[in-house]
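Asks: Can you keep this structure in mind? I'll have questions shortly.
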Amino acid sequence: MIVPTTLAMLLANAGLLHSQTVQRLAPGFNALELQGTSAQGNNCQVGNIQPQYTITLEQDFGSLNFSLQSAGQSALIIEPLNSTGEPVASGRQCVLATAPGQTVEAPGYWEEGTYKIYIVDSTGGQSYTLSISQ
Numbered sequence: 787m788i789v790p791t792t793l794a795m796l797l798a799n800a801g802l803l804h805s806q807t808v809q810r811l812a813p814g815f816n817a818l819e820l821q822g823t824s825a826q827g828n829n830c831q832v833g834n835i836q837p838q839y840t841i842t843l844e845q846d847f848g849s850l851n852f853s854l855q856s857a858g859q860s861a862l863i864i865e866p867l868n869s870t871g872e873p874v875a876s877g878r879q880c881v882l883a884t885a886p887g888q889t890v891e892a893p894g895y896w897e898e899g900t901y902k903i904y905i906v907d908s909t910g911g912q913s914y915t916l917s918i919s920q
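Shown next, in the form of structure tokens:
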């Protein structure tokens with residue numbers, strides 16, 4: 787049907803329809819480039835914002851890099867979940883850009899598990915590319 791598709795496109799463009807991408811990663815995966823628009827948020831606070839992505843690491847990664855490029859002054863927030871799917875606040879990582887257009891990175895050792903990924907900035911609607919590589 788044309789009407790529901792058109793309506794969905796309008797809602798998505800207005801930022802009212804949130805989709806969430808789930809990625810499962812195992813060692814040896816091909817680097818990912820995920821594109822979207824940022825949510826409106828305040829620094830490292832996620833509040834009622836829905837994550838843009840859920841990433842499940844099938845094994846520990848000795849070296850994994852999350853790299854965010856955005857036109858805005860964005861924050862990359864990575865929040866681990868416990869075995870019941872609840873956020874583990876003490877494990878949350880937040881990397882803030884100090885200037886518009888600055889690339890932010892979160893490299894390092896990452897344990898097996900599930901993580902919610904949020905990309906936010908003060909105005910929202912900023913285009914970004916999130917790269918995940920080994």
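Position one of the sequence shown corresponds to residue 787 (this note's numbering), numbered consecutively onward. For glycine and all other residues, C-beta sits at the position ideal for the given N, C-alpha and C.
1. Are the beta-carbon atoms belonging to E844 and E898 less than 8 Å from one another?
2. DSSP three-state call for S913: helix, strand or coil?
3. Taking contact to mean 3 or more Cβ pairs, one atom from each stretch, closer than 8 Å, check whether the segment 892 to 912 and the segment 831 to 840 are in contact.
4. Who are the Cβ neighbours of P873 in its own chain at under 8 Å, not counting the five residues just before and after it?
5. Is T909 near G858, with beta carbons less than 8 Å apart?
6. Which value, in whole angstroms, describes the spacing of the CA atoms of Q888 and Q855?
7. Please work out which residues of its chain come closer than 6 Å, Cβ to Cβ, to F847, disregarding the five sequence neighbours upstream and downstream, and give them in chain order.
8. For L811, collect the residues of the same chain with a Cβ closer than 6 Å to its Cβ; drop the 5 residues on either side in sequence, then sort them by chain order.
9. Here's the rule I'm using: 16 or more other beta-carbon atoms within 10 Å means buried, otherwise exposed. How should V832 be labelled?
10. Please specify which runs of the alpha helix (DSSP H), each continuous and at least 4 residues long, are wholly inside the segment 798 to 878, giving them in chain order.
11. Given G877, which residues of its chain have a CB within under 8 Å of its CB, disregarding the five upstream and five downstream residues?
12. Just mark G939 as buried or exposed, buried being the case when its beta carbon has 16 or more other beta carbons within 10 Å.
Replies: Taking the definition as stated:
1. yes
2. strand
3. yes
4. E865, P866, L867 and K902
5. yes
6. 7 Å
7. W896
8. L843
9. buried
10. The qualifying runs do not exist here; there are none.
11. So the list reads E865 and P866, once near-sequence residues are dropped.
12. This structure gives no information on residue 939, because the portion of the chain shown stretches from 787 to 920.
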